[in-house]
Amino acid sequence: MEQVTKIQEEEKKIGQTYEKRLAFLKMKLSRKIAIQNQLRNWELFLNHWKDWNIEDFHSYVVRIHENLFAKYFSSAEELRNRWNKDHSTPFQGGLDLISLDREDLLNLGVDDKDHRKLLLEAIRSLCKQ
Numbered sequence: 000m001e002q003v004t005k006i007q008e009e010e011k012k013i014g015q016t017y018e019k020r021l022a023f024l025k026m027k028l029s030r031k032i033a034i035q036n037q038l039r040n041w042e043l044f045l046n047h048w049k050d051w052n053i054e055d056f057h058s059y060v061v062r063i064h065e066n067l068f069a070k071y072f073s074s075a076e077e078l079r080n081r082w083n084k085d086h087s088t089p090f091q092g093g094l095d096l097i098s099l100d101r102e103d104l105l106n107l108g109v110d111d112k113d114h115r116k117l118l119l120e121a122i123r124s125l126c127k128q
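For the sequence shown, numbering that gives the first Met the number 0 begins at 0 and goes up steadily by one.
What follows is the structure, encoded as structure tokens:
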């Protein structure tokens, strides 16, 4: 009985029961695991940049830099159409990413000069992996 009283006093000090604290910690742990899985999947996705199709490139562009570039590419289909307008061959992953330049980004609709520079830096960094 004395041990239960000590535990109850500790719970009063921290302002919640151990059961509530455990439930809170389980929720936090579950969220942590989910985030770790998302990060692992993102890393796997990035590691395969050489094999990307236009949908993958779109997914990458709209997610990086806190979604900064999403406003330029409302859909993968729109990106594909813009790509095909200025290129004779469909998007070919690594081959095209390596040779992408600021003019290409302008033709793809990234009209802000600083955004083109930032996006190109991100793509160059990706291609170094």
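We put the beta carbon where it would ideally sit given N, CA and C, even for glycine.
1. Grouping DSSP H, G and I as helix and E and B as strand, with all else coil, what is Asn46?
2. Leaving out the 5 sequence neighbours to the left and right, which residues in its chain are closer than 8 Å to Ile122 when beta-carbon positions are compared?
3. Are the beta-carbon atoms belonging to Leu104 and Leu118 less than 8 Å from one another?
4. Just to confirm, is the Cβ distance from Ile53 to Arg79 under 8 Å?
5. Under a three-way DSSP split, which group does His86 fall into?
6. Could you pull out every residue in the same chain whose Cβ sits closer than 6 Å to the Cβ of Phe90, ignoring the five residues on either side in sequence?
With the structure as the only source:
1. Taking the first residue of the sequence shown as 1, we reach residue 46 at position 47. Helix.
2. Numbered from its first residue, the sequence shown carries residue 122 at position 123. Cβ within range, chain order: Leu96 and Leu99.
3. For the purposes of this step, residue 104 is taken as the residue at position 105 of the sequence shown. For the purposes of this step, residue 118 is taken as the residue at position 119 of the sequence shown. It is a contact, given that the beta carbons lie within the stated cut-off.
4. As a working note, residue 53 is residue 54 in the sequence shown. As a working note, residue 79 is residue 80 in the sequence shown. For Ile53 and Arg79, yes; Cβs fall inside 8 Å.
5. The sequence position of residue 86 within the sequence shown is 87, counting from 1. In this structure, His86 counts as coil in the three-state DSSP scheme.
6. As a position in the sequence shown, residue 90 is number 91, starting the count at 1. So the qualifying residues of the chain are Ile53 and Trp82.
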